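Asker:
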Amino acid sequence: MAQHTASHGAHEHGESHGSLKSYVIGFILSLVLTAIPLGVVLNGWLEGTAAYVALMACAVLQFAVQLVFFMHLREEKKPRYNLLALIFGIIILITIVAGSIWIMMYNQVAH
Amino acid sequence: MDRIKEFASTFFVTGDPLIYGADVAIVATMAAVVFVLTYFKKWTWLWREWLTTVDHKRIGIMYVVASLLMLFRGGVDALLMRTQLAVPNNQFLQPEHYNEIFTTHGVIMILFMAMPLMFGLFNLVVPLQIGARDVAFPFLNSLSFWLFFFGAMLFNVSFVIGGSPNAGWLAYPPLSEKMFNPGVGQDFYIWGIQISGIGSLMTGINFIVTILKMRAPGMKLMKMPMFTWSVLSSCLTIIMAFPILTVTLALLFIDRYLGAHFFTLDAGGNPMMYINLIWMWGHPEVYIVVLPAFGIMSEIVSTFSRKRLFGYKSMVFALMCISVFSFFTWAHHFFTMGSGADVNAFFAVTTMIIAIPTGVKVFNWVFTMYRGRISFPTPMLWVMGFILCFVVGGMTGVMLSVAPADFQFHNSYFLIAHFHQVLIGGVAFAYFAALTYWWPKVFGFKLNEKLGKWAFWFWNVGFYICFMPQYVLGLMGMTRRISHYGWDTGWWELNLVSTVGGFLMGIAFLFQVWQIMHSIKFMERDATGDPWDGRTLEWSLPSPVPHYNFAVVPTVDSRDAWWEEKLRRERGEAPAPQPKLEPIHMPKNSGIPIIMALCWFVAGFGFVFDWLWMAIPGLVGVAVCMLVYSFSYKTDYYIPVDEIERTEAAARGAV
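In order, the protein sequences belong to chains A and B.
Residues in the first sequence are numbered from 40 upward in steps of one, following our numbering.
Residues in the second sequence are numbered from 423 upward in steps of one, following our numbering.
#1: Evaluate the contact criterion for the region 483-492 of chain B versus the region 891-911 of chain B: three or more CB pairs, one atom per stretch, below 8 Å.
#2: Where A973 (chain B) and M662 (chain B) are concerned, what is the direct C-alpha to C-alpha distance, given to the nearest angstrom?
#3: Taking 8 Å as the threshold, find out whether the region 602-614 of chain B comes into contact with the region 554-563 of chain B through three or more Cβ pairs.
#4: Beta-carbon of I142 (chain A) versus every beta-carbon of chain B: anything under 7 Å?
#5: Residue range of the alpha helix (DSSP H) that P439 (chain B) falls in?
#6: Buried or exposed, going by whether 16 or more other CB atoms sit within 10 Å of the CB of G690 (chain B)?
#7: For T901 (chain B), write down the residues that DSSP places opposite it in a beta bridge.
#8: G923 (chain B) to W913 (chain B), Cα distance in whole Å?
#9: Rounded to a whole number of angstroms, what is the C-alpha to C-alpha distance between A45 (chain A) and D1058 (chain B)?
#10: Per DSSP, what kind of secondary structure is P665 (chain B) in: helix, strand or coil?
#11: Since I believe V844 (chain B) is in contact with G819 (chain B) (beta carbons under 8 Å), could you give me their beta-carbon distance rounded to a whole number of angstroms?
#12: I think D948 (chain B) touches S962 (chain B), with their Cβ atoms under 8 Å apart; what is that distance to the nearest whole Å?
#13: Which value, in whole angstroms, describes the spacing of the CA atoms of I67 (chain A) and G626 (chain B)?
#14: Using a Cβ-Cβ cut-off of less than 8 Å, give me the residues of the region 693-718 of chain B that come near chain A, in sequence order.
#15: Do we get a CB-CB distance below 7 Å when we pair Y120 (chain A) with the residues of chain B?
#16: I'd like to know if A753 (chain B) contacts chain A, where contact means its C-beta is closer than 7 Å to some C-beta of that chain.
#17: Select from B:I481, B:T921 and B:A998 the residue whose C-alpha is nearest the C-alpha of L507 (chain B).
#18: If we count the other Cβ atoms within 10 Å of its Cβ and call it buried at 16 or more, is A930 (chain B) buried or exposed?
#19: Taking H1007 (chain B) as part of the alpha helix (DSSP H), name the residues at either end of that continuous run.
#20: Would you mind giving the Cβ-Cβ distance between F878 (chain B) and W804 (chain B), rounded to the nearest angstrom? I have them listed as a contact below 8 Å.
#21: How do the region 629-638 of chain B and the region 674-688 of chain B stand: do at least 3 beta-carbon pairs fall below 8 Å, yes or no?
#22: I'd like the span of the alpha helix (DSSP H) that includes Y792 (chain B), first residue to last.
#23: Based on the DSSP secondary-structure assignment, which residues constitute the bridge partners of F867 (chain B)?
#24: Where are the alpha helix (DSSP H) runs, 4 residues long or more, that stay fully inside the region 933-1018 of chain B, in chain order?
#25: With a threshold of 16 other CB atoms inside 10 Å of the CB of F757 (chain B), please say whether the residue is buried or exposed.
#26: Among B:W752, B:S566 and B:K875, which has the Cα closest to the Cα of M774 (chain B)?
#27: Under a three-way DSSP split, which group does I532 (chain B) fall into?
#28: Out of curiosity, what's the CA-to-CA distance linking A149 (chain A) and L699 (chain B)?
#29: Just checking my contact of G640 (chain B) with V978 (chain B) at CB under 8 Å: how many whole Å lie between their CB atoms?
#30: For the beta strand (DSSP E) that I1061 (chain B) lies in, which residues bound it at each end?
#31: Identify every residue that forms a DSSP beta bridge with I583 (chain B).
#32: Count the CB pairs spanning the region 981-995 of chain B and the region 1005-1022 of chain B that are closer than 8 Å, and state whether there are at least three.
#33: Quick one: is M719 (chain B) buried, meaning 16 or more other Cβ sit within 10 Å of its Cβ, or exposed?
#34: Looking only at its own chain, which residues have a Cβ that is under 7 Å from the Cβ of L502 (chain B), when we skip the five neighbours before and after it?
#35: Measuring CB to CB, does W954 (chain B) end up less than 7 Å from T725 (chain B)?
#36: Give the secondary structure of I552 (chain B) by DSSP, where H, G and I count as helix, E and B as strand, and everything else as coil.
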């Protein structure tokens, strides 16, 4: 690092930052995954539980697409700190959502 | 004219002589600061050397100074409360004023005193301990500091402009909603904390990256000093917990500003949800501030016992466990909410479990001292005070975790005594220990031992006199946040004793101020750079540390790297050949962080008063600052070798 002259524009990172192809695939996938929920809700393709499931599925897939194609999760070199941080984050996320539902559902004051 | 008068009477806080006194003091202090800076022609110096600096050591010093000022304000709040409660039916503070004071006391002590003091210590110590020349993102570091600073200022301005928040330190709805709190106080609360919260989050990210990526060659994770480990675990908790706070307060703001119903009593809202969410941040938050305290204890105990830390691996394991488990105990703050036996049982058990890793640490410190050659300078005294106080505080915590019993303790003075015991006896004592311990590294001279010991004893004696009676008062039925009580309650004597203890701690603070001033006046330069015979890398540097830290980045092959090096020198082994000096790559100072944070302040102030003409330009300013920084390319420079040689020769001249 210290040997390089820091000139702008020149990337000196060892890691790959994806190719045009992977970016285009990611972009199209995320567009599709955005269009499906919109269609489901606006056109009334699905109703009730089926609609919820479809929306949730699209959201989770969208999350995966972002991580793989734009956050370059697969290309990380070892040690995989980003992956570890992500797993920790997901654990906390599940705790927040499931914990809140659990605590609030049996809330005797609210009922 | 009348309109101006009318505006001023709502804009400024009026009515209380205490407030007018404070107004005069604030204006006089500001005038004095401006005068001194102008008279001694120090404005350029201030701007170049401090306000725009990206040097982690200077940012650390600014954090510490700001947090000590906040300690003063929070402490005055505490003494006002204790004065009010000293006798029954006291007319010293009106109930409304009392509400404001306990709210600002809590917010300031946790968010604007403990947090910045902690960040100050991170900045002062971590890069030096791991052999780095700065943090991973120096610009971001400066931005974090200024966001904290202006967030804190925005919160403090509410004292004289607009009115202080008064809904408790966590602003529970429905009291904090527009319906019951139409003034601007709660908006000051929201924006002050939001702005400084962004800074906290960025500091968390910054130090995780610094610790993971910038360690000296050879320093494996399991060879890191314990304080660095504790900072890592604290920062991991920060990056997971602070987003929850930001979202929760944003929802509250939407409720207040746009009339939504997330936490209102009507239209499907539920105030309990706020309490649930805020404690998901609030509980990890107390671990965020206490984890570095554990690291500090470990460093100091092993230095002054002149032994390696006992149970290094179990300590690391305990720290990391707490980082994760701290997210699974939040409901113990509202056992009485009525979520049912299952929920309460689960969170009671998790709360008891999290006491285990904490207990492990206490044993590790005690075994580190066992058969060590112990000496008792001030930092070590603080450790003694800490261990005793923290063990008792932890025990009462376990008592509170018993859900059925908690229905008795909940929101009583028992609780107040418990959390002050862990936050003063745990966090504050540890941070004072750290300040005394690392002071010579930062400034190049030790603090006066004698005055330090006076301060220590006043703090400790004052603490027990103040808070032990409060445990009893809690069991006698005194609830928190009451401003008046009658003669018939029988609480008078214990409250009076408690107030005496509070003032003893006030005197202790004065001793600390005196200690610092005295030590500056009769400064005895420490020429060795290693006044305590330390064990970790920071003590291998001259004090104060040159701004590039390490002329040559050290290679580490064991824990306590500097101690091992000293042993090698004692044995007369030839030191490893020093590589040739090379130009050092350093970040340039930048004025953007302070300007950007100022823009945030303007935007926040605009939102508080619902003045969009002010809020929008503020936000535009923030965006412009980001753009300008994105397009500035010359953010770094090289220190030439001959300058390094000159600096090193000057710094090491006395060795």
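For every residue, glycine included, the Cβ atom is placed at its ideal position computed from N, Cα and C.
Fair warning: this is a prediction, and the values are worked out from it, not measured in the lab.
Answerer: For this structure:
#1: Touching, no, given that fewer than three Cβ pairs across the two stretches are closer than 8 Å.
#2: The residue labelled residue 973 (chain B) in the question sits at position 551 within the second sequence. The residue labelled residue 662 (chain B) in the question sits at position 240 within the second sequence. A973 (chain B) and M662 (chain B) have their alpha carbons spaced roughly 36 Å apart.
#3: No, because fewer than three Cβ pairs between the region 602-614 of chain B and the region 554-563 of chain B fall closer than 8 Å, the two stretches do not touch.
#4: Working through the first sequence from its first residue, we reach residue 142 (chain A) at position 103. Taking Cβ atoms only, chain B reaches closer than 7 Å to I142 (chain A), which makes this a yes.
#5: Counting from 1 along the second sequence, the entry for residue 439 (chain B) is found at position 17. Per DSSP, P439 (chain B) belongs to the alpha helix (DSSP H) from P439 to Y461.
#6: Here residue 690 (chain B) corresponds to residue number 268 of the second sequence, with the count starting at 1. When all chains shown are included, G690 (chain B) counts as exposed.
#7: Within the second sequence, residue 901 (chain B) is the residue found at index 479, counting from 1. Answer is B:S834, bridged to T901 (chain B).
#8: Taking the second sequence and counting its residues from 1, one reaches residue 923 (chain B) at position 501. Taking the second sequence and counting its residues from 1, one reaches residue 913 (chain B) at position 491. Roughly 16 Å between the two C-alpha positions.
#9: If you number the first sequence from 1, residue 45 (chain A) lands on position 6. If you number the second sequence from 1, residue 1058 (chain B) lands on position 636. Reliability of the predicted coordinates at A45 (chain A) is poor, the pLDDT of 38 falling under 50, and no value is obtained from them.
#10: One-based indexing of the second sequence puts residue 665 (chain B) at position 243. Here P665 (chain B) sits in helix by DSSP.
#11: As a first step, residue 819 (chain B) must be located in the second sequence, where it is residue number 397. As a first step, residue 844 (chain B) must be located in the second sequence, where it is residue number 422. Indeed, because the Cβ distance is near 7 Å, the residues count as touching under 8 Å.
#12: Taking the second sequence and counting its residues from 1, one reaches residue 948 (chain B) at position 526. Taking the second sequence and counting its residues from 1, one reaches residue 962 (chain B) at position 540. Not really, about 14 Å apart at Cβ, beyond 8 Å.
#13: For the purposes of this step, residue 67 (chain A) is identified with residue 28 of the first sequence, where counting begins at 1. For the purposes of this step, residue 626 (chain B) is identified with residue 204 of the second sequence, where counting begins at 1. Answer to the nearest angstrom: the Cα atoms are 34 Å apart.
#14: Those residues of the region 693-718 of chain B that come within reach of chain A (Cβ to Cβ, closer than 8 Å) are M694, M695, N698, L699 and M702.
#15: Along the first sequence, read from residue 1 onward, the residue named residue 120 (chain A) stands at position 81. Output row for Y120 (chain A): interface = yes.
#16: Start at 1 with the first residue of the second sequence, and residue 753 (chain B) comes out as number 331. By this cut-off, A753 (chain B) is an interface position.
#17: For the purposes of this step, residue 507 (chain B) is identified with residue 85 of the second sequence, where counting begins at 1. Of B:I481, B:T921 and B:A998, the residue nearest in Cα terms is B:T921.
#18: By one-based count along the second sequence, residue 930 (chain B) stands at place 508. The C-beta of A930 (chain B) has 16 or more other C-beta atoms within 10 Å across all chains shown, which makes the residue buried.
#19: By one-based count along the second sequence, residue 1007 (chain B) stands at place 585. From DSSP, H1007 (chain B) is part of no alpha helix (DSSP H) but of the beta strand (DSSP E) over I1006 to P1009.
#20: Here residue 878 (chain B) refers to the residue found at position 456 when the second sequence is read from its first residue. Here residue 804 (chain B) refers to the residue found at position 382 when the second sequence is read from its first residue. Contact between F878 (chain B) and W804 (chain B) holds: CB atoms are separated by about 6 Å, below the 8 Å threshold.
#21: No: the two stretches stay apart, fewer than three of their Cβ pairs being nearer than 8 Å.
#22: Locating residue 792 (chain B) in the second sequence gives position 370, counting from the first residue. In this chain, Y792 (chain B) is not harboured by any alpha helix (DSSP H), its DSSP state being neither H nor E.
#23: For this step, residue 867 (chain B) is matched to residue 445 along the second sequence. The partner list for F867 (chain B) (beta bridge, DSSP) reads B:R947.
#24: Taking only runs of at least 4 residues, the alpha helix (DSSP H) segments lying wholly in the region 933-1018 of chain B are 983-992.
#25: Along the second sequence, read from residue 1 onward, the residue named residue 757 (chain B) stands at position 335. Looking at its Cβ environment, which holds 16 or more other Cβ atoms inside 10 Å, F757 (chain B) is buried.
#26: As a first step, residue 774 (chain B) is located in the second sequence; it is residue number 352 there, counting from the start. Looking only at B:W752, B:S566 and B:K875, the smallest Cα-Cα distance to M774 (chain B) is reached by B:W752.
#27: Sequence index remark: in the second sequence, residue 532 (chain B) carries index 110 (1-based). Collapsing the DSSP output to three states places I532 (chain B) in a helix.
#28: Position 110 of the first sequence, counted from the first residue, corresponds to residue 149 (chain A). Position 277 of the second sequence, counted from the first residue, corresponds to residue 699 (chain B). With a pLDDT of 48 at A149 (chain A), under the threshold of 50, the modelled position of this residue cannot be trusted; read the value that follows with caution. Each residue's alpha carbon lies about 16 Å from the other.
#29: In the second sequence, the residue the question calls residue 640 (chain B) occupies position 218. In the second sequence, the residue the question calls residue 978 (chain B) occupies position 556. With a contact defined as Cβ atoms closer than 8 Å, G640 (chain B) and V978 (chain B) qualify at about 4 Å.
#30: For the purposes of this step, residue 1061 (chain B) is taken as residue 639 along the second sequence, with counting starting at 1. According to the DSSP assignment, I1061 (chain B) belongs to the beta strand (DSSP E) that extends over D1058 to I1061.
#31: Within the second sequence, residue 583 (chain B) is the residue found at index 161, counting from 1. Its beta-bridge partners are B:F434.
#32: No, the region 981-995 of chain B does not touch the region 1005-1022 of chain B.
#33: Along the second sequence, read from residue 1 onward, the residue named residue 719 (chain B) stands at position 297. M719 (chain B) comes out buried.
#34: Here residue 502 (chain B) refers to the residue found at position 80 when the second sequence is read from its first residue. These residues qualify, in order along the chain: L515 and I523.
#35: Start at 1 with the first residue of the second sequence, and residue 954 (chain B) comes out as number 532. Start at 1 with the first residue of the second sequence, and residue 725 (chain B) comes out as number 303. For W954 (chain B) and T725 (chain B), yes; Cβs fall inside 7 Å.
#36: Taking the first residue of the second sequence as 1, we reach residue 552 (chain B) at position 130. For I552 (chain B), the secondary structure class from DSSP, reduced to helix, strand or coil, is coil.
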